[in-house]
Amino acid sequence: MAVLAEQDSEKAARILTVARDLVLKRGVKGVTVAEIADKAHVGKGTVYLYWATKEDLLVGLFARDFLHAVDGNLDALTTDPDLSRPHRLCPRLIHTALDHPFVRGLMTGDADLLGVLTQHPRSMKLLNSLGPAALMYSVLPVWRQHRLARTDWPLDEQAYALQALMDGFTEAAIRTHALPGTVVDEPDKVIAAAVTALLGPEQASPDDIHATADEGLRELRRRRELLLASITTHEE
Numbered sequence: 001m002a003v004l005a006e007q008d009s010e011k012a013a014r015i016l017t018v019a020r021d022l023v024l025k026r027g028v029k030g031v032t033v034a035e036i037a038d039k040a041h042v043g044k045g046t047v048y049l050y051w052a053t054k055e056d057l058l059v060g061l062f063a064r065d066f067l068h069a070v071d072g073n074l075d076a077l078t079t080d081p082d083l084s085r086p087h088r089l090c091p092r093l094i095h096t097a098l099d100h101p102f103v104r105g106l107m108t109g110d111a112d113l114l115g116v117l118t119q120h121p122r123s124m125k126l127l128n129s130l131g132p133a134a135l136m137y138s139v140l141p142v143w144r145q146h147r148l149a150r151t152d153w154p155l156d157e158q159a160y161a162l163q164a165l166m167d168g169f170t171e172a173a174i175r176t177h178a179l180p181g182t183v184v185d186e187p188d189k190v191i192a193a194a195v196t197a198l199l200g201p202e203q204a205s206p207d208d209i210h211a212t213a214d215e216g217l218r219e220l221r222r223r224r225e226l227l228l229a230s231i232t233t234h235e236e
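Residues in the sequence shown are numbered consecutively from 1, following UniProt numbering.
This is the structure we're talking about:
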């Protein structure tokens, strides 16, 4: 199994912690490897023992944020298979993404936080494989198969509509003035109701729910392993 640098090295763990704190405070453009090394109490050369470039270090931070988000979803879905239902999973995916600042930054294209790395190929790969849109697109055929989503609509059109819906709710959660004059007490209930209105009423049996959860867990674990391999490849 691939091992992260911080699991084998206290110095690497300190470097990552310092780098994360500095980027969150100042953004990518305001951080140098020299300052990271100084605050982590290591030599500048030590940073380069683990990461060949500043870019590798920072994209590695982003990847770890996605990894933590995936681990949280794996734990939650393992504990509660019913979370695989669309009206429950969609609000969770939004919250999970927004609770992880680098995932959120890539979703929103936050150049103040992430600079040019918002468009970096490896950043885009993270978003396109583990962002909320990617996860929803991968699970939509499973929902259709197990009577959790209507099947009288072409998959791509249904996915497009669902993503547009989720993007709107994400924007409303991030931008306080996205919906001026419109306030709801329980937005998660509104999201759940909107997802159900779009995908249709659920007709799944208990076996369908467990099968959906099992397939979701398998896919998340597969993507997690690919992500972990990607992180360690750029830190050898």
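All C-beta atoms in this analysis are idealised placements derived from N, C-alpha and C, irrespective of residue type, glycine included. None of the values given here were measured: they were computed from a predicted structure.
Whole-angstrom distance between residue j and residue i, CA atom to CA atom
i           : j      : result
Leu61       : Val195 : 32 Å
Ser9        : Glu35  : 20 Å
Ala229      : Thr46  : 22 Å
Leu201      : Ala133 : In the sequence under discussion, the amino acid at residue 201 is Pro, which differs from the Leu named in the question. In a straight line, the C-alpha of Pro201 is about 21 Å away from that of Ala133.
residue 240 : Gly181 : An answer regarding residue 240 cannot be provided, because it is not within the stretch 1 to 236 covered by the chain.
Gln145      : Ile174 : 33 Å
Leu58       : Ser84  : 32 Å
Ile231      : Leu127 : 14 Å
Ser123      : Arg150 : 33 Å
Val184      : Tyr50  : 48 Å
Asp188      : Asp38  : 44 Å
Ala40       : Ala69  : 25 Å
Leu74       : Ala211 : 15 Å
Ala110      : Gln158 : Residue identity check: residue 110 is Asp in the sequence provided, not Ala. C-alpha separation (whole angstroms): 28 Å.
Ser129      : Leu227 : 9 Å
Thr53       : Arg20  : 16 Å
Leu16       : Glu6   : 8 Å
Thr118      : Lys125 : 11 Å
Lys11       : Tyr48  : 12 Å
For residue i, three-class secondary structure by DSSP
i      : result
Leu4   : coil
Leu155 : helix
Leu61  : helix
Gly30  : helix
Asp183 : The question names Asp, but residue 183 in the sequence shown is Val. Note: Val183 maps to coil in three-state DSSP.
Ser9   : coil
Arg85  : coil
Asp56  : helix
Val18  : helix
Asp71  : helix
Val42  : coil
Glu35  : helix
Proximity test, residue i beta-carbon vs the ligand NAP heavy atom, cut-off 7 Å
i      : result
Asp185 : Of ligands this structure carries none, so the ligand NAP is not represented either.
Taking contact to mean 3 or more Cβ pairs, one atom from each stretch, closer than 8 Å, check whether the segment 108-120 and the segment 28-43 are in contact. yes
Can at least three beta-carbon pairs, one atom from the segment 209-224 and one from the segment 158-174, be found at a separation below 8 Å? no
Entirely enclosed beta strand (DSSP E) segments - the segment 98-149, minimum 3 residues: none
Entirely enclosed alpha helix (DSSP H) segments - the segment 164-233, minimum 4 residues: 187-199 and 206-233
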